[in-house]
Amino acid sequence: MADPIRGHSLLSHNTFAIDVKADWFFEYGSEEELLAALPRLERPLLNIGAGSNLLFCSDFHGTVLHSAIPGFEILSDDGESAEVRAGAGLNWDSFVERCIANGLYGAENLSGIPGEVGASAVQNIGAYGAEVCRLISEVRTVDAESGEIRVFKAAECGYAYRDSIFKRPENKRYIVTSVVFRLSRVWKPNLGYRALEQAFEGRTPSAAEVREAVIALRDSKLPDPKVLGNAGSFFVNPVVPGPRADTLSLLYPDMPRYSAGEGLVKLSAAWLIDNAGWKGQSIGRAGVYEKQPLVLVNLGGATGEEILNLARTIIADVYDKFAVELSMEVNRI
Ligand code: EPU
119 MADPIRGHSL LSHNTFAIDV KADWFFEYGS EEELLAALPR LERPLLNIGA
169 GSNLLFCSDF HGTVLHSAIP GFEILSDDGE SAEVRAGAGL NWDSFVERCI
219 ANGLYGAENL SGIPGEVGAS AVQNIGAYGA EVCRLISEVR TVDAESGEIR
269 VFKAAECGYA YRDSIFKRPE NKRYIVTSVV FRLSRVWKPN LGYRALEQAF
319 EGRTPSAAEV REAVIALRDS KLPDPKVLGN AGSFFVNPVV PGPRADTLSL
369 LYPDMPRYSA GEGLVKLSAA WLIDNAGWKG QSIGRAGVYE KQPLVLVNLG
419 GATGEEILNL ARTIIADVYD KFAVELSMEV NRI
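Here the sequence shown stands for residues 119 to 451, where the numbers follow our numbering.
Next comes the structure, spelled out in structure tokens:
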């Protein structure tokens, strides 16, 4: 069994490319390996995926854990739908690709999202009119405190927009080891998102074509973390009471707004940041991406604190101008 590594750089473990260290780093390739190592790992523990939604603001004093648990196994298949178990360490986009190659549908709109299967179930990743919680049937975890296995049914995971119970501090003890997805055997494209619908001008695309279109859309808007460090959307789209949105719509008739149920309206954080004048701006080595202002970027050698300072300045300015409070999507460590 591999041993924890002392004084490990986290530079290649976070897509923001923040240069910090963990006192200890431990990568495990199976649930058994994780269970065997747990009693001897220095606390606190921080389990990470590909680090594509993390902002490290300082060195981590404890053990950073990373799952390399592989696997893609079809558990059941009745011709209408199939259940697939995927290991937490499987790259998310490889999972999507394998689903399509196996004639399993539902994940194609989530093509190209950085990260791994385990984190997808924690973050409830979403894009282009799809959310992963609609595909998840159960999440298998190891309780790092008791050393027991605990399986959560999707209904127990508290899924909401970019949220789950696994993000709560008291549930950080649950380390996801695998996820069971229910996918459809029947192809039915989900073209509800306007830009995606426009890409096909009324014809019915194949799943592989939807995947290609989603990747092209993402590439046109989002920076490649290998070139410009970033963690995708830094903020979540704010949900406000209807009357608040109506007041803003009177002042800004072009402001995008989406129904969020029960008298609530989801606003576009990108629009608010753009219209507050932040698109393409920077403070020191922290910048606002010029094509999608929801994305903050590391212009080269930025610290987590510098990125956070830019984020806080934007939050205060957007609040001053629109009286809407933005909250961060990225997990700060
Ligand atoms: N907009 C501007 N200025 C810009 C860019 C966008 O005003 O420069 C406005 C436009 O009005 C546009 C609206 O923002 O219609 C929405 O933009 P976009 O379609 O890019 O989507 P988003 O709401 O900004 C969300 C997700 C993305 C996901 C896209 C596509 C969140 C926090 N973000 O962004 O997810 O890829 O939709 O579905 O919900 C991520 O979570 O890391 C992520 C990239």
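Yeah, the Cβ is synthetic: ideal placement off N, Cα and C, and Gly gets one too.
Source: prediction; values computed, not measured.
Cβ of residue i within 8 Å of Cβ of residue j?
{"i": "glutamate 198", "j": "valine 304", "result": "yes"}
{"i": "phenylalanine 174", "j": "leucine 208", "result": "no"}
{"i": "proline 307", "j": "valine 328", "result": "yes"}
{"i": "glutamine 410", "j": "leucine 340", "result": "yes"}
{"i": "glycine 347", "j": "asparagine 393", "result": "no"}
{"i": "valine 250", "j": "arginine 258", "result": "no"}
{"i": "tyrosine 146", "j": "alanine 186", "result": "yes"}
{"i": "proline 361", "j": "leucine 382", "result": "no"}
{"i": "glycine 180", "j": "arginine 161", "result": "yes"}
{"i": "glycine 167", "j": "glutamate 274", "result": "no"}
{"i": "leucine 412", "j": "alanine 429", "result": "no"}
{"i": "serine 296", "j": "alanine 225", "result": "no"}
{"i": "asparagine 171", "j": "alanine 278", "result": "no"}
{"i": "alanine 420", "j": "threonine 133", "result": "no"}
{"i": "isoleucine 401", "j": "valine 436", "result": "no"}
When the Cα atoms are used, what is the spatial distance from residue i to residue j?
{"i": "glutamate 443", "j": "arginine 158", "result": "42 Å"}
{"i": "phenylalanine 353", "j": "arginine 403", "result": "19 Å"}
{"i": "alanine 363", "j": "serine 351", "result": "22 Å"}
{"i": "serine 254", "j": "alanine 378", "result": "Residue identity differs from the one stated: residue 254 is isoleucine in this sequence, not serine. Cα to Cα, the separation comes out at about 22 Å."}
{"i": "leucine 426", "j": "asparagine 449", "result": "11 Å"}
{"i": "lysine 344", "j": "arginine 321", "result": "35 Å"}
{"i": "tyrosine 376", "j": "serine 386", "result": "8 Å"}
{"i": "lysine 285", "j": "glutamate 330", "result": "31 Å"}
{"i": "serine 194", "j": "serine 324", "result": "24 Å"}
{"i": "leucine 368", "j": "asparagine 165", "result": "45 Å"}
{"i": "alanine 135", "j": "valine 260", "result": "29 Å"}
So, at 7 Å on beta carbons, what are the nonlocal neighbours of residue i in its own chain, with the 5 sequence-adjacent residues on each side left out?
{"i": "alanine 262", "result": "Leu156, Leu163, Arg291 and Ile293"}
{"i": "aspartate 337", "result": "none"}
{"i": "serine 229", "result": "Asp211, Val214, Arg329, Val332 and Ile333"}
{"i": "glycine 221", "result": "Arg303"}
Can you find the residues in the same chain that come closer than 6 Å, C-beta to C-beta, to residue i, ignoring five residues on each side of it along the sequence?
{"i": "asparagine 289", "result": "Ile283"}
{"i": "alanine 140", "result": "His126, Leu128, Phe178 and Val182"}
{"i": "glutamine 399", "result": "Val406"}
{"i": "isoleucine 243", "result": "Ile231 and Val250"}
{"i": "valine 138", "result": "Leu128, Phe174 and Asp177"}
Below 8 Å CB to CB, which residues in the same chain sit around residue i once its five sequence neighbours on both sides are set aside?
{"i": "asparagine 227", "result": "Ala245, Tyr246, Gly247, Ala248, Asn308, Tyr311, Leu314, Val328 and Val332"}
{"i": "arginine 252", "result": "Gly224"}
Consider the C-beta atom of residue i and the heavy atoms of ligand 1; say whether any pair is separated by less than 7 Å.
{"i": "glycine 350", "result": "yes"}
{"i": "tyrosine 277", "result": "no"}
{"i": "serine 331", "result": "The sequence given here has alanine at residue 331, not serine. Every heavy atom of ligand 1 is 7 Å or more from the Cβ of alanine 331, so no."}
{"i": "glutamine 316", "result": "no"}
{"i": "alanine 388", "result": "yes"}
{"i": "alanine 420", "result": "no"}
{"i": "glutamine 410", "result": "yes"}
{"i": "asparagine 439", "result": "Looking at the sequence provided, one finds lysine at residue 439 rather than asparagine. No, Cβ of lysine 439 sits at least 7 Å from all heavy atoms of ligand 1."}
{"i": "asparagine 449", "result": "no"}
{"i": "lysine 285", "result": "no"}
{"i": "aspartate 392", "result": "yes"}
{"i": "tyrosine 246", "result": "yes"}
Got a sec: is the Cβ-Cβ distance from residue i to anything in chain D below 8 Å?
{"i": "valine 448", "result": "Absent from the structure is chain D; it holds one protein chain and no more."}
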